[in-house]
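Visitor:
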Amino acid sequence: MPKLQNIFKVISNEKLCPKFYRLCIDAKPILKDILPGQFVHLRTSNGLEPFFRRPFSVYRAVKYVEVFYEAVGLGTQQMSRMKKGDTIDVLGPVGTPFTLPGPDIKEVVMIAGGIGIAPFLILSDVLKKRKDLQLTLLYGGRTGGHVYPMKEFKQNGVRIHIATDDGSRGVKGRVNKLFDRIKPDPKTTIVYTCGPNPMMAVVQEFAKKHSLKGEAACEEVMACALGACLGCSIRTTKGFKTVCYDGPVFNLNEVIFDH
Amino acid sequence: MPKLQNIFKVISNEKLCPKFYRLCIDAKPILKDILPGQFVHLRTSNGLEPFFRRPFSVYRAVKYVEVFYEAVGLGTQQMSRMKKGDTIDVLGPVGTPFTLPGPDIKEVVMIAGGIGIAPFLILSDVLKKRKDLQLTLLYGGRTGGHVYPMKEFKQNGVRIHIATDDGSRGVKGRVNKLFDRIKPDPKTTIVYTCGPNPMMAVVQEFAKKHSLKGEAACEEVMACALGACLGCSIRTTKGFKTVCYDGPVFNLNEVIFDH
Amino acid sequence: MNLSVKIGSATFNNPVTVASGTFGHAEKYYDLEEVKKLGAIVPKTVTLYAQEGNPPQRIVETPSGMLNAIGIENPGADGFIKNKLPSFKKIGVPLIISILGHNDDQFEQLAKKFNDVEGISAIELNLSCPNLGHKVLVAQDPQATHRLVSKMKSILRYPVIAKLSPDVTDIKEIAKAAEDAGADGISLINTFTAMVIDVKTRRSVLGNFTGGLSGPAIRPAAVRMVYDVAKTVKVPVIGMGGIMTAQDALQFLIAGASMVAVGTANFVNPRAPLEVIEGIKEYMRENKMKDIKELIGSINNKNA
Amino acid sequence: MNLSVKIGSATFNNPVTVASGTFGHAEKYYDLEEVKKLGAIVPKTVTLYAQEGNPPQRIVETPSGMLNAIGIENPGADGFIKNKLPSFKKIGVPLIISILGHNDDQFEQLAKKFNDVEGISAIELNLSCPNLGHKVLVAQDPQATHRLVSKMKSILRYPVIAKLSPDVTDIKEIAKAAEDAGADGISLINTFTAMVIDVKTRRSVLGNFTGGLSGPAIRPAAVRMVYDVAKTVKVPVIGMGGIMTAQDALQFLIAGASMVAVGTANFVNPRAPLEVIEGIKEYMRENKMKDIKELIGSINNKNA
Ligand SMILES: Cc1cc2nc3c(=O)[nH]c(=O)nc-3n(C[C@H](O)[C@H](O)[C@H](O)COP(=O)(O)OP(=O)(O)OC[C@H]3O[C@@H](n4cnc5c(N)ncnc54)[C@H](O)[C@@H]3O)c2cc1C
Ligand SMILES: Cc1cc2nc3c(=O)[nH]c(=O)nc-3n(C[C@H](O)[C@H](O)[C@H](O)COP(=O)(O)OP(=O)(O)OC[C@H]3O[C@@H](n4cnc5c(N)ncnc54)[C@H](O)[C@@H]3O)c2cc1C
Ligand SMILES: Cc1cc2nc3c(=O)[nH]c(=O)nc-3n(C[C@H](O)[C@H](O)[C@H](O)COP(=O)(O)O)c2cc1C
Ligand SMILES: Cc1cc2nc3c(=O)[nH]c(=O)nc-3n(C[C@H](O)[C@H](O)[C@H](O)COP(=O)(O)O)c2cc1C
Ligand code: FES
Ligand code: FES
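So the protein lines, in turn, are chains A, B, C and D. Residues 10 to 268 in this note's numbering are what the first sequence spells out, letter by letter. Residues 10 to 268 in this note's numbering are what the second sequence spells out, letter by letter. Residues 70 to 373 in this note's numbering are what the third sequence spells out, letter by letter. Residues 70 to 373 in this note's numbering are what the fourth sequence spells out, letter by letter.
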């Protein structure tokens, strides 16, 4: 009964590197409504297995709705088998988007871990229009073998710093090894982060230390994605908040990552 | 733990006419053990949907194990998507085969309805070696549009009479319209039948009337197909019998079709 | 074709509603024109005081179903009446308000609060929510069920529906107790208490340790309980448990339910309730039924 | 690595068995070398007199599970002992014989018959088969459970395992009654009473009208009941309900089961019990466990 449940056609489903795919959906009716940080809730099978839909950040919403995903389990494996012309049941866009930087902000630092890079391409697509903004991406990945489509980030004028666990690309180590690449100023810098909770916890500390404003795009297992079941709640300093409706984007300083 | 659970490779999965397919499996280890009337119990999905395996008569067991099937529901639809090179979990061969005609038998009448034709190609493959036997197939189908591979039956020297519900091929009407094509003699004629219960009930009457010996290959929903769960029992004059273990082939006169 | 059904003095245009806790009415998302087609709406259970709910993780997928341990997160009666009820009323679909008290007195206060509210059709007593750390649920005890339902009937001016838990030895006994106490309707089933263990951490996946099992997995058990209850009581039954499609809902109606509720399915296919309504109409057309009453309880149980 | 477990005086090389009614030992099909690897075998329940079972249709698929209403088709005690037991013995795996009487006297006679038999390890009392048209099952009544288990203990020279039904309000109470009566072990769960209606014919699909729900669909409810019982009784628990893989079995062991039984999974993947044994070993290796006892009941239930 939500306005935003639609059956759309798959335009392409490209394998970018082992386990990482880019799904392109022809979704004109919703294309223009999508804001950076919002997500779509996809039905990966018409059957009961897996039982829930699966949530995915919108990676890009220019001509098509694009999703950048990693095949980690049954649902994403089913997605990886989708082909041009297949239909897909899409619920969305849903969720609270990133708050775009105010006029006083001069530097936007996007800190991503692994697949957490997904919501940042659409964010840079939007922010590149603001010529006064310096966009920086600190990206931490497992290994260089996973070559993410950094090209598009570059085209958006994003400064990119990479760290990999095995050092096969960029600096060896976690993303915090890249913090020294930025000169944060509380008044003019804003941080956006998305990735595993332990990583975002580190980013939270870093932001606190330099008293930076910031936002975090969080994850939790979801059923409805409409704020109906209250199943995707996480802890925040303001009590339990639903990731699908109150989030997925939260004030970085309010999220309690210890769960 | 049964000896006969194996993972085999699909050789081909040909669509013969709308909804009818022929699955070819490379199953050397079991090929030689298969007797006419036996079946294989196939896992159509690695998941839980559908939950049970699906039973299919062996259609031919010359070079490969072949199954002739109709896509009627989820499991057979999954099968219809199988491609060369896919693997399939095969349990079998299982079940009690047809009793081959004794030396006194001169005419073998196979009476099939719809997909019930499946067990008769392998039967004729075996019986054609007996030059003294006249093989006849009375086949009742929905419509001529479903062109069954009668060619192979002809190559086995089988005399074929066809009836279709819509008369688009052969006689118009049910298979009983074809009974007059045979001159049954209790001493020298044996009847084998497979098809919907109502059809086999008619064949049973016909056999009784002419006091003909015969066998029926029956169906029931199955779980284990190993005689373990006792779930596939049907009524017979000798009490409940399992289709998978005591059958699927039963003495035609002992089956009680009113279920 | 007449699809309307009655529970006590309340009338519903069709027998399809949404199960409590599975339909959060977010104006910004829902298409009101579609929601208007529902026979009734049952919002999430309301408690006397606001509850923040259980710690995460609150839900987990299971084979053909899910566990939930939400802990009845809700704004409390006053908060609900002030901030949520108005928008529910705006929809214009009959409302069945689900209430739960942690003791008789709380139930009593809840009843009085909702007596003072206009524009609701019935009250559903959640006697069966398994996620509040009670040792024994009211719905597991015929005496307690009888006592509470009688008290609610003596106070409430609205029809009273008793919602039962499947975690019982004899569901018929509980249903009878509720009916004897004056319940205008019985709704079932709530979820089965259950748990999933993460073998990596050796902890229960749910923050609340145990949760409630729902979805198609439990449907066959739900259909049987609805059948047992429908043939035991004379009051109308609202059947639920794993309804995903019209075919599923028809099983409950044929078993004797006068209404059906779509729950977990809303999360997988938010349009499920509407598809169920359409499918029931189609089935009645095919079977030349003019009134839903011809369908309700139409099971051929010769072999029962 | 020590995988052996004990129930009363009986010892089993590993904690994996097959659930009663799901393992028909057909010599012509089974690979004895593989079957020998089982910790124990529980044949289908034996009644005093032969039973022909229920009319067809006896089984039906459900979401992630199945219903069965076999009606305990079996050759009766004498027929079983004479014609089936010998081939079971030949396998060389400990046998747990499941028995069911339709009254105390039948249970008594069954006990005496099996006392006279050599080469079995334990007796499982099927107190919970839902397919015999009983109004109330023994396993739904703590007193009846206590009475019957005591009587069986007073007669049987073999360890006695009480098998419980999940169709109860408080499984702990029944388990405690069985333990207090001297049961050497508790096994659970049996199936949930359930039904599926064919909406075309408006009849129950099963010839017996109702049947028992089993398979992965019920696993979360089974794990929770096994957890509750394991923390209530001191005797070993045999856990079952929807085990398809080693991961599933591990949930039951971690929850406190000393043994696990693979049931319905045998129909989908006959090799499941062996895969479960291998998977448990692998898990213990990865977690540096030397004895299965380190695994049994190892749940971290801080949040319980
Ligand atoms: C708001 C939001 C946005 C997301 N955006 C993306 C994205 O853009 N690209 C992407 O690849 N993934 C994204 N995810 C994660 C994605 O939803 C999960 O990877 C997916 O649901 C896994 O499904 P599966 O069936 O393949 O794996 P499963 O078999 O369900 O699980 C495999 C592993 O993934 C974990 N997992 C399952 N569901 C979730 C979930 N909802 N959140 C986090 N972990 C989960 C499981 O715990 C398990 O460890 C997002 C999640 C959320 C909540
Ligand atoms: C011994 C035996 C041999 C068989 N040989 C063949 C064969 O050679 N070719 C072939 O196409 N089919 C054969 N069948 C029937 C085949 O097993 C069913 O068509 C199949 O299981 C349907 O599965 P599904 O998931 O596609 O359909 P489902 O969604 O399971 O059901 C679709 C329809 O098929 C019916 N059905 C389901 N299972 C069975 C069953 N076991 N027997 C009969 N009807 C069933 C259902 O009642 C329903 O009406 C055989 C059945 C048996 C018992
Ligand atoms: C996430 C969730 C929350 C629920 N919350 C409530 C509730 O607040 N009150 C209630 O009476 N039932 C609640 N239920 C139970 C449902 O109303 C319903 O009785 C049960 O889920 C069975 O139906 P289903 O299988 O169609 O979901 C909840 C169920 C789910 C899945
Ligand atoms: C076809 C079938 C027959 C069964 N027969 C018996 C039986 O004779 N005695 C018994 O105690 N349990 C019987 N059961 C119950 C199982 O032993 C087991 O307790 C139940 O199925 C739950 O386990 P599962 O989900 O792994 O199958 C039977 C189950 C099935 C599916
Ligand atoms: S997933 Fe239902 S409230 Fe967020
Ligand atoms: S299917 Fe199990 S006995 Fe035939």
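Glycine residues also receive a C-beta, built at the ideal position from the N, C-alpha and C atoms.
If you compare alpha carbons, which of A:Lys137, A:Ser54, A:Gln14 is closest to A:Asn165?
Guide: Taking only the C-alpha atoms, the option nearest A:Asn165 is A:Lys137.
Visitor: Does the pairing of the segment 149-163 of chain C with the segment 216-227 of chain C give three or more beta-carbon distances under 8 angstroms?
Guide: Result no; under three Cβ-Cβ pairs closer than 8 angstroms.
Visitor: Would you report the Cα separation of A:Lys28 and D:Glu355, rounded to the nearest angstrom?
Guide: Going from the Cα of A:Lys28 to the Cα of D:Glu355 covers about 26 angstroms.
Visitor: According to DSSP, simplified to helix, strand and coil, what is A:Pro64?
Guide: DSSP places A:Pro64 in strand when its eight states are reduced to three.
Visitor: Within 9 angstroms of any Cβ in chain A, is that where the Cβ of C:Asn338 sits?
Guide: By this cut-off, C:Asn338 is an interface position.
Visitor: Beta-carbon of D:Phe92 versus every beta-carbon of chain B: anything under 9 angstroms?
Guide: Yes, because at least one Cβ of chain B sits closer than 9 angstroms to the Cβ of D:Phe92.
Visitor: Report the three-state DSSP secondary structure of B:Arg178 (helix, strand or coil).
Guide: Correct three-state label for B:Arg178: coil.
Visitor: In whole angstroms, what separates the C-alpha of C:Val229 from that of C:Val306?
Guide: For C:Val229 and C:Val306, the distance between alpha carbons rounds to 12 angstroms.
Visitor: In the segment 11-23 of chain A, which residues sit with their C-beta less than 9 angstroms from some C-beta in chain C, listed in chain order?
Guide: Taking 9 angstroms as the Cβ-Cβ cut-off against chain C, the residues of the segment 11-23 of chain A that qualify are Pro11, Lys12, Leu13, Gln14.
Visitor: Compute every distance between the C-beta of A:Thr53 and the non-hydrogen atoms of ligand 1, then say whether any falls below 8 angstroms.
Guide: Indeed, a heavy atom of ligand 1 lies less than 8 angstroms from the Cβ.
Visitor: Return the Cβ separation of C:Thr262 and C:Asp236 in integer angstroms, given the expectation that the two are a contact with Cβ distance under 8 angstroms.
Guide: 6 angstroms between Cβ atoms; contact.
Visitor: Is the shortest distance between the beta-carbon of A:Val277 and the beta-carbons of chain C less than 9 angstroms?
Guide: Absent from the model: residue 277 of chain A. The displayed extent of chain A is 10 to 268, so no value can be given.
Visitor: At the 9 angstroms Cβ level, is A:Phe60 part of the contact set with chain C, yes or no?
Guide: Chain C contact via Cβ: present.
Visitor: Please state the DSSP three-state secondary structure of B:Ser133.
Guide: In the structure shown, B:Ser133 sits in a helix (DSSP, three-state: H, G or I).
Visitor: Please name the residue or residues paired with B:Pro11 in a DSSP beta bridge.
Guide: Answer is D:Tyr99.
Visitor: Within 9 angstroms (strictly less), CB to CB, does D:Asp379 reach chain C?
Guide: No statement about residue 379 of chain D is possible, as the shown extent of chain D runs from 70 to 373 and does not include it.
Visitor: Can you list, in chain order, every residue whose CB sits closer than 7 angstroms to a heavy atom of ligand 5?
Guide: Going along the chain, the residues that qualify are A:Met231, A:Ala232, A:Cys233, A:Ala234, A:Leu235, A:Gly236, A:Ala237, A:Cys238, A:Leu239, A:Gly240, A:Cys241, A:Thr251, A:Val252, A:Cys253, A:Tyr254, C:Gly93, C:Phe336.
Visitor: Hey, would you say the C-beta of B:Lys163 is under 8 angstroms away from at least one heavy atom of ligand 3?
Guide: Incorrect: B:Lys163 has no Cβ contact closer than 8 angstroms to ligand 3.
Visitor: Looking at chain D, is there any beta carbon in it that lies within less than 9 angstroms of the beta carbon of B:Ile191?
Guide: With 9 angstroms as the cut-off, B:Ile191 does not count as an interface residue toward chain D.
Visitor: By the criterion of Cβ-Cβ separation under 7 angstroms, what are the contact partners of D:Asp360 in chain C?
Guide: Residues of chain C passing the Cβ test: none, with the nearest at roughly 16 angstroms.
Visitor: Determine, for D:Leu136, whether the minimum Cβ-Cβ distance to residues of chain C falls below 9 angstroms.
Guide: Chain C, which has a Cβ nearer than 9 angstroms to the Cβ of D:Leu136, makes this yes.
Visitor: In its own chain, which residues sit with a C-beta less than 6 angstroms from the C-beta of D:Gly56, not counting the 5 before and 5 after it?
Guide: An answer regarding residue 56 of chain D cannot be provided, because it is not within the stretch 70 to 373 covered by chain D.
Visitor: If you drop the 5 nearest sequence neighbours on each side, which residues of the same chain put their C-beta closer than 7 angstroms to that of A:Gln87?
Guide: Here the set comprises Thr53, Ser54.
Visitor: Tell me whether C:Ala88 counts as near ligand 3, meaning its Cβ is closer than 8 angstroms to at least one heavy atom of that ligand.
Guide: Indeed, a heavy atom of ligand 3 lies less than 8 angstroms from the Cβ.
Visitor: Please return the same chain residues whose Cβ sits closer than 6 angstroms to the Cβ of A:Val76, not counting the five positions on each side in sequence.
Guide: Closer than 6 angstroms at the Cβ level, and outside the excluded window around A:Val76, lie Leu32, Phe65, Tyr68.
Visitor: Going by Cα to Cα distance, which pick from B:Lys196, B:Lys163, B:Val180 is closest to B:Arg190?
Guide: When each option's Cα is compared against that of B:Arg190, the closest is B:Val180.
Visitor: If you drop the 5 nearest sequence neighbours on each side, which residues of the same chain put their C-beta closer than 6 angstroms to that of A:Phe280?
Guide: Nothing in the structure corresponds to residue 280 of chain A, since chain A is present only between 10 and 268.
Visitor: At the 9 angstroms Cβ level, is B:Gly94 part of the contact set with chain A, yes or no?
Guide: Answer no: the Cβ-Cβ gap between B:Gly94 and chain A never drops below 9 angstroms.
Visitor: Closer than 8 angstroms to a non-hydrogen atom of ligand 3 - does that hold for the CB of C:Val331?
Guide: Yes, since a heavy atom of ligand 3 falls inside the 8 angstroms radius drawn around the Cβ of C:Val331.
Visitor: Note down, in chain order, each residue of its chain lying with its Cβ closer than 7 angstroms to the Cβ of D:Lys106, except the 5 sequence neighbours on either side.
Guide: Closer than 7 angstroms at Cβ, skipping near neighbours: Leu343, Ile346.
Visitor: Cβ of D:Thr114 within 8 angstroms of any heavy atom in ligand 4?
Guide: Correct: D:Thr114 has its Cβ closer than 8 angstroms to ligand 4.
Visitor: Run through DSSP, which three-state label would C:Tyr352 get?
Guide: Correct three-state label for C:Tyr352: helix.
Visitor: Taking 8 angstroms as the cut-off, does the CB of B:Gly6 come closer than this to any heavy atom belonging to ligand 2?
Guide: Coverage of chain B is limited to positions 10 through 268, which leaves residue 6 of chain B absent and any answer about it impossible.
Visitor: Under the criterion of a Cβ to heavy atom distance below 8 angstroms, does D:Gly311 qualify as lining ligand 4?
Guide: Yes.
Visitor: For C:Ile312, I'd like the list of residues in its chain whose CB is within less than 8 angstroms of its CB, leaving aside the five on either flank, ordered along the chain.
Guide: If we look at C:Ile312 and ignore the five residues flanking it on each side, its Cβ neighbours are Arg288, Ala318, Phe321, Val329, Ala330, Val331, Gly332, Ala334, Ala341, Val345.
Visitor: Among the candidates D:Val304, D:Glu142, D:Leu136, whose CA atom is the shortest distance from the CA of D:Ala79?
Guide: The shortest Cα separation from D:Ala79 among D:Val304, D:Glu142, D:Leu136 belongs to D:Val304.
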